[in-house]
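A short worksheet on the structure shown next.
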Amino acid sequence: MRASTRVRNGEEFVAMLQELDLVEAINMEYS
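Everything in the sequence shown is counted per our numbering, starting at 16 for the first residue and increasing by one.
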């Protein structure tokens with residue numbers, strides 16, 4: 016696997032975690 020592919024996958028993983036954190040924050044706010 017190329018390094019550039021690992022970097023792109025890592026960025027997507029970080030973005031996914033940020034989205035999950037946002038969803039959890041919204042759920043806590045409205046629960």
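Beta carbons are placed, not taken as given, at the ideal position from N, Cα and C, and that holds for glycine.
Whole-angstrom distance between residue j and residue i, CA atom to CA atom
{"i": "Val-29", "j": "Leu-37", "result": "12 angstroms"}
{"i": "Met-31", "j": "Ala-40", "result": "14 angstroms"}
{"i": "Ser-46", "j": "Arg-21", "result": "37 angstroms"}
{"i": "Arg-17", "j": "Asn-24", "result": "11 angstroms"}
{"i": "Asn-42", "j": "Glu-27", "result": "23 angstroms"}
{"i": "Glu-44", "j": "Glu-34", "result": "15 angstroms"}
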